[in-house]
Amino acid sequence: MKRAPVVGLALAALQTLPASATELELGVTSGVAYQDNVFPSRSGPQGDWLGTLAPRIRLVDELGAVTWNLQYRPLYEKYLKLDAADDWDQDVYGTLTWNVSPRTTLRLTDRYLDTSHVSTAFTETGGPDPFVEPILELETNRVKFNQLSASLDHQLTARQVVTFSFGSYDTDYGGGSETTVRDLGLSVLYALQPVDRVGFALSAVQQDAGAVSVYYYNGSLRWVHRFDRTLSLTASAGPAWVDRPPPDFVDVLPGRSRYPLLRTDRGDVPILASTCTPAGGDLVGLFVLSSATCQPVPAGTQFGSEFRFEVVDLQRLGDEPPTGSQITYFANASLAKQWHDFAGSLSYSRGASTTSQLSGVVSDTLTLSVTWVPTARPWRASAWVSYGRREFPGGGVVTQQLVRSSTLQGVDDVAESAGFRLVEVERNQTIDVYRVGIYVSYEIAPRVQTYLNAWWSRDEYEFEFSGPVAPQIDRFRVSLGLTYTTDRINLPF
Numbered sequence: 001m002k003r004a005p006v007v008g009l010a011l012a013a014l015q016t017l018p019a020s021a022t023e024l025e026l027g028v029t030s031g032v033a034y035q036d037n038v039f040p041s042r043s044g045p046q047g048d049w050l051g052t053l054a055p056r057i058r059l060v061d062e063l064g065a066v067t068w069n070l071q072y073r074p075l076y077e078k079y080l081k082l083d084a085a086d087d088w089d090q091d092v093y094g095t096l097t098w099n100v101s102p103r104t105t106l107r108l109t110d111r112y113l114d115t116s117h118v119s120t121a122f123t124e125t126g127g128p129d130p131f132v133e134p135i136l137e138l139e140t141n142r143v144k145f146n147q148l149s150a151s152l153d154h155q156l157t158a159r160q161v162v163t164f165s166f167g168s169y170d171t172d173y174g175g176g177s178e179t180t181v182r183d184l185g186l187s188v189l190y191a192l193q194p195v196d197r198v199g200f201a202l203s204a205v206q207q208d209a210g211a212v213s214v215y216y217y218n219g220s221l222r223w224v225h226r227f228d229r230t231l232s233l234t235a236s237a238g239p240a241w242v243d244r245p246p247p248d249f250v251d252v253l254p255g256r257s258r259y260p261l262l263r264t265d266r267g268d269v270p271i272l273a274s275t276c277t278p279a280g281g282d283l284v285g286l287f288v289l290s291s292a293t294c295q296p297v298p299a300g301t302q303f304g305s306e307f308r309f310e311v312v313d314l315q316r317l318g319d320e321p322p323t324g325s326q327i328t329y330f331a332n333a334s335l336a337k338q339w340h341d342f343a344g345s346l347s348y349s350r351g352a353s354t355t356s357q358l359s360g361v362v363s364d365t366l367t368l369s370v371t372w373v374p375t376a377r378p379w380r381a382s383a384w385v386s387y388g389r390r391e392f393p394g395g396g397v398v399t400q401q402l403v404r405s406s407t408l409q410g411v412d413d414v415a416e417s418a419g420f421r422l423v424e425v426e427r428n429q430t431i432d433v434y435r436v437g438i439y440v441s442y443e444i445a446p447r448v449q450t451y452l453n454a455w456w457s458r459d460e461y462e463f464e465f466s467g468p469v470a471p472q473i474d475r476f477r478v479s480l481g482l483t484y485t486t487d488r489i490n491l492p493f
């Protein structure tokens with residue numbers, strides 16, 4: 001995976017700064033936690049206690065026209081019983097802000113994450129015996145994520161601001177699975193009056209997954225309204241045009257296959273294909289015929305070699321199934337409120353990744369958060385709750401064979417295929433996601449804080465295709481620990 005030069009953001013800034021501008025900050029966070037479902041599992045969740053250690057190194061400069069921040073924060077988690085989950089996670093984060101002029105500002109942000117992902121998998125049990133308990137194995141993968149974003153804000157007039165933006169997002173899931181996203185955007189915001197700003201935004205996004213590339217061209221209208229000094233509303237909505245490669249439907253099923261005699265839906269009884277349809281007629285089915293006229297094979301001849309069904313290079317009949325529209329949509333709205341020592345926000349977002357009738361994701365997310373930072377510390381607290389719904393309105397395409405009586409002389413009791421057609425089968429999936437979390441910290445001494453962090457989540461699944469699937473996954477985690485931060489140290493560069 002290509003990684004943007006995170007450290008380079010800070011090194012470029014160092015050459016432009018006065019000798020006494022850089023400061024060093026050190027810190028460490030350590031604690032204990034309990035998690036009830038370490039490996040997200042629908043059945044048989046495994047809980048365990050763990051210890052955490054997270055040192056932190058931060059270089060920062062907040063003076064002058066160029067300000068920057070570079071932070072490295074690894075995290076080690078040690079589980080009491082589940083050793084397979086022990087691992088180091090890496091987190092490098094950097095920002096740079098350059099006030100080019102009183103009307104122009106350039107911002108750069110880069111983040112690199114290297115995390116361990118442990119999942120469960122069932123091994124082979126030696127046969128399809130439903131009474132044999134499958135063996136559960138743990139699989140560990142490294143998930144690497146790199147994000148680089150840049151934006152340039154320029155104030156054209158006292159009322160008008162234009163922003164150019166660029167983003168690059170690379171994710172490596174391990175095992176050769178990677179995704180890459182690039183986006184380029186332009187937005188304009190105009191102040192109609194002191195309480196209202198309106199504008200528009202245009203963007204182009206390229207999403208690569210393996211050998212497949214999908215392009216999104218977005219356009220949206222924006223509105224920002226301030227009801228008073230403490231309450232504001234931000235909203236945007238618009239369509240997107242999706243340019244994606246069409247599905248590769250097959251025209252021929254190659255090869256030669258032989259199947260046992262066809263059977264009816266009345267039971268596992270071999271039948272004579274010639275008795276199922278009028279002369280020259282076709283039967284439609286997946287090797288199972290539903291016709292009251294079908295007659296069984298005479299006793300004693302059910303296993304004769306002449307009673308076979310043969311498929312040889314079938315041709316596709318009929319049109320390709322519909323693949324959906326090329327227009328999708330998205331919308332966002334947020335309400336922010338500040339009063340006394342509290343700040344709160346309520347936000348909603350809706351979007352559709354694609355509009356394909358064979359695959360796609362439609363997501364809705366509603367989030368409420370509240371933060372309390374009293375003027376007279378040492379307390380600080382925040383809480384949040386969210387609900388999300390992800391719909392996968394898609395399906396699959398199956399081949400459905402057209403079956404008819406044999407046209408060969410003397411073997412009229414053998415079935416043959418006239419071709420196949422593509423049929424769309426709905427396999428819709430819906431996931432409801434609930435999240436609740438709290439964070440409370442207390443400063444017990446200068447530069448020393450104790451904290452309590454807890455969250456709970458539930459994922460509810462609903463499928464429209466067959467298969468035994470548990471309805472939900474519940475998880476919670478509670479952490480308690482200490483954080484120590486040094487005073488900033490001036491560095492001689």
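If you're matching positions, the sequence shown starts at 1 in our numbering and goes up one per residue.
Think of the CB as a built atom: it goes at the ideal place given N, C-alpha and C, for glycine as much as any other residue.
* Asked: With respect to the beta strand (DSSP E) encompassing Val-373, which residues constitute its N-terminal and C-terminal limits?
  -> Element bounds for Val-373: n/a, residue is neither H nor E.
* Just mark Gln-207 as buried or exposed, buried being the case when its beta carbon has 16 or more other beta carbons within 10 Å. => buried
* Asked: Just how far apart, CA to CA, sit Gly-167 and Thr-109?
  -> 9 angstroms
* Asked: In whole angstroms, what separates the C-alpha of Thr-486 from that of Tyr-76?
  -> 21 angstroms
* Please state whether DSSP places Asp-86 in a helix, a strand or coil. => Coil at Asp-86, not helix or strand.
* For Ser-220, count neighbouring Cβ atoms within 10 angstroms of its own Cβ and tell me buried if that reaches 16, exposed if not. => Ser-220 comes out buried.
* **C-beta atoms of Val-143 and Val-181 nearer than 8 angstroms** => no
* To do: Using 10 angstroms around the beta-carbon of Phe-39, count the other beta-carbons present and answer buried if the total reaches 16, otherwise exposed.
  => Buried, because 16 or more other Cβ atoms sit within 10 Å of the Cβ of Phe-39.
* Would you report the Cα separation of Trp-98 and Gly-64, rounded to the nearest angstrom? -> 9 angstroms
* To do: Could you round the C-beta distance between Ala-201 and Tyr-217 to whole angstroms and report it? I think they count as a contact, below 8 angstroms.
  => About 12 angstroms separates the two Cβ atoms, so there is no contact after all.
* Could you check which residue in Arg-111, Tyr-34, Leu-106, Tyr-169 has the C-alpha nearest to that of Tyr-79? => Tyr-34
* Asked: Cα-Cα, which of Pro-471, Ser-213, Gly-199, Tyr-348 is closest to Gln-222?
  -> Checking the sequence shown, residue 222 turns out to be Arg, not Gln. Taking only the C-alpha atoms, the option nearest Arg-222 is Gly-199.
* Asked: Nearest to Phe-145 by CA position, among Val-362, Asp-172, Arg-435, Glu-391, is which residue?
  -> Asp-172
* Counting contacts by CB-CB distance shorter than 8 angstroms, is Trp-379 in contact with chain B? -> Given the protein chain composition of this structure (a single chain), no chain B is represented.
* Asked: To which residues of the same chain is Asn-453 closer than 6 angstroms at the C-beta, ignoring the five residues directly before and after it?
  -> Tyr-439, Ser-479
* Beta-carbon gap between Leu-189 and Val-161 smaller than 8 angstroms -> yes
* To the nearest whole angstrom, what separates the beta carbons of Phe-342 and Thr-371, a pair I think is in contact under 8 angstroms? -> Contact between Phe-342 and Thr-371 holds, since their C-beta atoms are separated by about 7 angstroms, short of 8 angstroms.
* Leaving out five residues on either side along the sequence, give the residues of the same chain with a beta carbon under 6 angstroms from the beta carbon of Thr-234. => Val-224, Ser-334
* **Status (buried if at least 16 other CB within 10 Å, exposed otherwise) for Trp-49** => exposed
* Asked: Would you call the CB atoms of Trp-379 and Tyr-442 closer than 8 angstroms?
  -> Yes, these two residues count as a Cβ contact at 8 angstroms.
* Lys-144 - partner residues in DSSP beta bridges -> Asp-114, Asp-172
* To do: Ignoring anything shorter than 3 residues or poking outside the stretch 202 to 253, list the beta strand (DSSP E) runs there in chain order.
  => With a minimum length of 3 residues, the unbroken runs of beta strand (DSSP E) contained wholly in the stretch 202 to 253 fall at 212 to 226, 231 to 243.
* Asked: Could you give the residue range of the beta strand (DSSP E) that holds Asp-487?
  -> Run containing Asp-487: none; DSSP gives neither H nor E here.
* Does DSSP put Gly-388 in a helix, a strand or coil? -> strand
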